[in-house]
Amino acid sequence: MLEYLLAVGVIAAIYLLLTQGLNLQYGFTGLVNFGHVGFFAAGAYASALLTKAGVPMPLGFLAALAAGAALAYPVGLLSLRLRVDYFAIVTLAFSEAVRLAITNEKWLTGGVQGIPGIPALAGGFGVPLSNSMAAFLLLVAANVAVVLATRRLVKSPFGRLIQAIRDDEDAVAALGKNPGAYKVQIFVIGAALAGLAGAFYAHYISYIVPDQFVPLLTFYVWVAMILGGTGRVSGAVVGTLVLMGFLEGSRFLRDAIPGVSEVEMASVRIGVVGLALILLMLHRPGGIMGDYTSK
Amino acid sequence: MSLEISGITKAYGGLVVLHDVSMTVGTDALVGLIGPNGAGKSTLFAVVSGFTRPTAGTVRFEGRSLDRLAPSARVRLGLARTFQVPREFQHLTVLENLCAAAPRQSGERLWTLCVRPGRVRAEEEAIHQRARGWLEFLNLARVADARAGTLSGGQKKLLELGRVLMLEPRMVLLDEPFAGVNPVLIGEIAERIGELHRRGIGFVIVEHHLQALSALVKDLYVMDRGAILAQGSPQAVLADHAVREAYMGGVA
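These protein sequence lines map, in sequence, to chains A and F.
At position 287 of the first sequence (counting the first as 1) the number is 287 in this note's numbering, and the numbers step up by one without a gap.
At position 20 of the second sequence (counting the first as 1) the number is 1020 in this note's numbering, and the numbers step up by one without a gap.
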């Protein structure tokens, strides 16, 4: 049972890192990123490949951060020339391009066969714990650090400016500031967090294939953020926990509803999750914690 | 020292919105710019502030060509603007709106934010004080901690003026500061603009509210169909037959 709870906790914590990154980009700055999973994949593959080649795991994690950031820089520059909705489409296409690239570059990524036998976290960081316990504790530490850093950031002059950009970019330009420079910085930071989440994922799950990095993952992150309340640090945390609770808890529906086959159950489960989300958004359109408009 | 607009033409396809507009305004001026809807006043502001590229012509400010400068760079030279429809940062407080406008903040750079937190804090202190001073001046101190989106139309106009003042501009382009503002507040805004002008800030004001405007400015430009139709003292200009024809359809 503990192993099961830990497994759920680890996945939830990985999602939380992703949600926090997206919340910085969209919730606080207004950047619509529909390609979050692309940066997640980049981090996962970067750290997996390097550590398998003998690089120490902490460096692999740094490389994952750097991979997310490095890919985000050119994509972020595009945000300067594209309006909100067009940028959203470009990011979505970008994440699919990343997935197709890792599917096809077999010499590097193993193609559809993926990368098996990725070194485990516990060994890599030299902690005398089970892999899932090590992953869980490290992820909690990373998430707490990001929560605290984000809180400070959004209350700083920098945070004030990105929120001003979210409200009205042209007005920021009319004040003599360059909104583009800030948008790119935030986009890079959010993507670096996604890269970090990718490294955790790869070393926890030990086996990655391109099919794990589909756009659905990006949209789960969006759901988590909106569910909790966009543009709020607590919203990202609560939203992720509630969404993961829904997704995991609905596994037990089978025990509650008799006479439903295994296959039918999968559809019922997604249906129930969807219905619960709709009801919640109807009654709390700003999310559970309330979004930035209701602070 | 002046703002020189020379030969500005702006066409969208076959539609010519501005046709060879030229005007020179001293940076210490207080001038009005009037004209019927569609005369090209807001487009002229957009060209001068760099939000729209002209088809032809140049703009110079204090001897320097602005033609290749982005809007933000023009502001840094001391030429600021407000918008016809107020563009407050609606989810920030009134005080935060003004603070966000303060130029050259080290707390807006991630690096200094991390390595020089003490310096950032001291700077913030000074910025807050300056912002509170302007809020006091604009009679907005009461609503300093309210979200800007909750203000009335007139208060938003004052807020935009306050944000621009944080930039310490030489010259401000005001786009309809009296539009949708109640008469009492119009008087208050006009009085504040006059006071700022006495302190040395130049203003070019686009406005439809002729009564308040002509009481405020010394010099009035009239635009019609993309060109300057007349210029002079408010009394002289408003008595001009062609102006009446263009502006009021010859009724008055």
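Backbone N, C-alpha and C define an ideal beta-carbon position, used for all residues, glycine too.
What you are looking at is a predicted structure, and each value in this text was computed from that prediction instead of being measured.
Q) When the Cα atoms are used, what is the spatial distance from L77 (chain A) to G68 (chain A)? A) Taking the first sequence and counting its residues from 1, one reaches residue 77 (chain A) at position 77. Taking the first sequence and counting its residues from 1, one reaches residue 68 (chain A) at position 68. Taking the CA atoms as reference points, L77 (chain A) sits about 14 Å from G68 (chain A).
Q) Can you list, in chain order, the stretches of the beta strand (DSSP E) that have 3 or more residues and sit fully within the stretch 1103 to 1171 of chain F? A) Listed in chain order, the beta strand (DSSP E) runs fully inside the stretch 1103 to 1171 of chain F amount to none, counting runs of at least 3 residues.
Q | Cα-Cα separation between V1204 (chain F) and R1198 (chain F), rounded to whole angstroms | A | One-based indexing of the second sequence puts residue 1204 (chain F) at position 204. One-based indexing of the second sequence puts residue 1198 (chain F) at position 198. When rounded, the distance between both Cα atoms is 14 Å.
Q | K183 (chain A) - partner residues in DSSP beta bridges | A | What you label residue 183 (chain A) is simply residue 183 of the first sequence in a count that begins at 1. DSSP lists no partner for K183 (chain A).
Q: With a threshold of 16 other CB atoms inside 10 Å of the CB of D211 (chain A), please say whether the residue is buried or exposed.
A: As a position in the first sequence, residue 211 (chain A) is number 211, starting the count at 1. Exposed is the call here.
Q.
Is the beta carbon of M1223 (chain F) closer than 7 Å to that of G1063 (chain F)?
A. One-based indexing of the second sequence puts residue 1063 (chain F) at position 63. One-based indexing of the second sequence puts residue 1223 (chain F) at position 223. No, they are not a contact pair.
**Q.** P116 (chain A) burial status per 10 Å Cβ neighbour count (16 or more: buried)
**A.** For the purposes of this step, residue 116 (chain A) is identified with residue 116 of the first sequence, where counting begins at 1. The residue is exposed, with fewer than 16 neighbouring Cβ atoms inside 10 Å.
Q: Quick one: using the 10 Å Cβ neighbour count with 16 as the cut-off for buried, is R1087 (chain F) buried or exposed?
A: Residue mapping note: residue 1087 (chain F) aligns to position 87 of the second sequence, counting from 1. With 16 or more Cβ atoms within 10 Å of its Cβ, R1087 (chain F) is classed as buried.
Q) Mind checking if K52 (chain A) is an interface residue toward chain F, Cβ cutoff 7 Å exclusive? A) By 1-based counting over the first sequence, the position of residue 52 (chain A) is 52. False, the Cβ-Cβ gap to chain F never drops below 7 Å.
(Q) Can you look up S1022 (chain F) in the DSSP assignment and give me helix, strand or coil? (A) As a working mapping, residue 1022 (chain F) is identified with position 22 in the second sequence. DSSP places S1022 (chain F) in strand when its eight states are reduced to three.
Q.
Give me, in chain order, the residues of the same chain whose beta-carbon lies closer than 8 Å to that of A1252 (chain F); leave out the 5 immediate sequence neighbours on both sides.
A. Start at 1 with the first residue of the second sequence, and residue 1252 (chain F) comes out as number 252. Low local confidence applies: a pLDDT of 41 at A1252 (chain F) is under 50, so the model's placement there is unreliable, with the coordinate-based value given in what follows. Short of 8 Å from the beta carbon of A1252 (chain F), and not among the five residues preceding or following it, lie these beta carbons of its own chain, in chain order: R1244.
**Q.** C1114 (chain F) classed as buried or exposed, judged by whether at least 16 other C-beta atoms fall within 10 angstroms
**A.** Within the second sequence, numbered from 1, the residue matching residue 1114 (chain F) stands at position 114. Around the Cβ of C1114 (chain F), a 10 Å sphere holds fewer than 16 other Cβ atoms; the residue is exposed.
**Q.** Cα-Cα separation, M281 (chain A) to T230 (chain A)
**A.** Position 281 of the first sequence, counted from the start, is the residue given in the question as residue 281 (chain A). Position 230 of the first sequence, counted from the start, is the residue given in the question as residue 230 (chain A). Between M281 (chain A) and T230 (chain A), the C-alpha separation is close to 13 Å.
Q: Quick one: give me the first and last residue of the beta strand (DSSP E) that D1224 (chain F) is part of.
A: Indexing the second sequence from 1 puts residue 1224 (chain F) at position 224. Taken as a continuous stretch (DSSP letters only), the beta strand (DSSP E) holding D1224 (chain F) covers D1219 to D1224.
Q: Decide yes or no for the touch test of the stretch 1047 to 1063 of chain F against the stretch 1133 to 1142 of chain F: beta carbon pairs closer than 8 Å, at least 3 of them.
A: Contact between the stretch 1047 to 1063 of chain F and the stretch 1133 to 1142 of chain F is absent, because fewer than three Cβ pairs lie under 8 Å.
Q: From the DSSP output, in three-state form, read off L1033 (chain F) for me.
A: Counting from one through the second sequence, the residue named residue 1033 (chain F) turns up at place 33. In the three-state DSSP reduction, L1033 (chain F) falls in the strand class (E or B).
Q.
At the 7 Å Cβ level, is L161 (chain A) part of the contact set with chain F, yes or no?
A. For the purposes of this step, residue 161 (chain A) is taken as residue 161 along the first sequence, with counting starting at 1. L161 (chain A) counts as touching chain F.
Q) Does the stretch 1067 to 1080 of chain F come close enough to the stretch 167 to 180 of chain A that 3 or more CB-CB pairs lie under 8 Å? A) Cβ pair count under 8 Å is three or more, so yes.
Q.
I want to verify the contact list: residues of chain F whose CB lies under 8 Å from the CB of F158 (chain A), in sequence order.
A. For the purposes of this step, residue 158 (chain A) is identified with residue 158 of the first sequence, where counting begins at 1. Simply G1107, E1108, R1109, L1110 and L1113.
Q.
Does the CB of S1042 (chain F) have a neighbour CB from chain A at under 7 Å?
A. As a position in the second sequence, residue 1042 (chain F) is number 42, starting the count at 1. Not a single CB atom of chain A sits nearer than 7 Å to the CB of S1042 (chain F).
Q.
For L196 (chain A), which residues in the same chain have their Cβ closer than 8 Å to its Cβ, ignoring the five residues on either side in sequence?
A. For the purposes of this step, residue 196 (chain A) is identified with residue 196 of the first sequence, where counting begins at 1. So the list reads L17, G43, F61, A64, L65, G68 and A142, once near-sequence residues are dropped.
Q.
Can you tell me whether E3 (chain A) is helix, strand or coil according to DSSP?
A. Residue numbering aside, residue 3 (chain A) sits at position 3 when the first sequence is read from its first letter. In this structure, E3 (chain A) counts as helix in the three-state DSSP scheme.
Q) Whose Cβ in chain D lies nearer than 7 Å to the Cβ of K106 (chain A)? A) In the structure shown, chain D does not exist; the protein chains are A and F.
Q) Quick one, which of F:F1089, F:A1146, F:L1185 and F:M1171 has its alpha-carbon nearest V172 (chain A)'s? A) Within the first sequence, the letter at position 172 stands for residue 172 (chain A). Residue F:F1089 is the option with its Cα nearest to V172 (chain A).
Q | At least three beta-carbon pairs within less than 8 Å, the stretch 1021 to 1039 of chain F to the stretch 250 to 261 of chain A | A | By the Cβ rule, the stretch 1021 to 1039 of chain F does not count as touching the stretch 250 to 261 of chain A, because fewer than three pairs are nearer than 8 Å.
Q. For chain F, is any of its Cβ atoms less than 7 Å away from the one on A142 (chain A)?
A. By one-based count along the first sequence, residue 142 (chain A) stands at place 142. When Cβ-Cβ separations below 7 Å define contact, A142 (chain A) makes no contact with chain F.
Q. Looking only at DSSP bridge pairs, what is G1232 (chain F) linked to?
A. If you number the second sequence from 1, residue 1232 (chain F) lands on position 232. F:L1220.
Q: Would you tell me roughly how many angstroms separate the C-alpha atoms of L6 (chain A) and A224 (chain A), rounded to the nearest one?
A: Residue mapping note: residue 6 (chain A) aligns to position 6 of the first sequence, counting from 1. Residue mapping note: residue 224 (chain A) aligns to position 224 of the first sequence, counting from 1. Cα to Cα, L6 (chain A) sits roughly 20 Å from A224 (chain A).
Q) Going along chain F, which residues have a C-beta under 7 Å from N178 (chain A)? A) Sequence index remark: in the first sequence, residue 178 (chain A) carries index 178 (1-based). Near N178 (chain A) (Cβ distances below 7 Å), the residues of chain F are S1072.
Q | CA-to-CA distance, G1226 (chain F) to T1009 (chain F), given in whole angstroms | A | Within the second sequence, residue 1009 (chain F) is the residue found at index 9, counting from 1. Within the second sequence, residue 1226 (chain F) is the residue found at index 226, counting from 1. Between T1009 (chain F) and G1226 (chain F), the C-alpha separation is close to 8 Å.
Q. Curious, which full-length alpha helix (DSSP H) runs of at least 4 residues does the stretch 132 to 199 of chain A contain?
A. If only uninterrupted alpha helix (DSSP H) runs of at least 4 residues are considered, those enclosed by the stretch 132 to 199 of chain A are 157 to 167 and 169 to 173.
Q. Where does the unbroken alpha helix (DSSP H) through Y86 (chain A) begin, and where does it stop?
A. Your numbering for residue 86 (chain A) matches position 86 in the first sequence. From DSSP, the alpha helix (DSSP H) with Y86 (chain A) extends over V84 to N104.
Q.
Just to make sure I have the definition right: I need the residues of chain F whose C-beta is within less than 9 Å of the C-beta of Y73 (chain A). Which are they?
A. Start at 1 with the first residue of the first sequence, and residue 73 (chain A) comes out as number 73. Those within 9 Å of Y73 (chain A) in chain F number zero; the least Cβ separation is about 15 Å.
Q. Name the chain F residues whose beta carbon is nearer than 8 Å to that of Q185 (chain A)?
A. Position 185 of the first sequence, counted from the first residue, corresponds to residue 185 (chain A). Chain F residues near Q185 (chain A): L1110.
Q.
Less than 7 Å between CB atoms is the rule here; does R1170 (chain F) satisfy it with respect to chain A?
A. If you number the second sequence from 1, residue 1170 (chain F) lands on position 170. No, R1170 (chain F) lies away from the interface with chain A (no Cβ there is under 7 Å from its Cβ).
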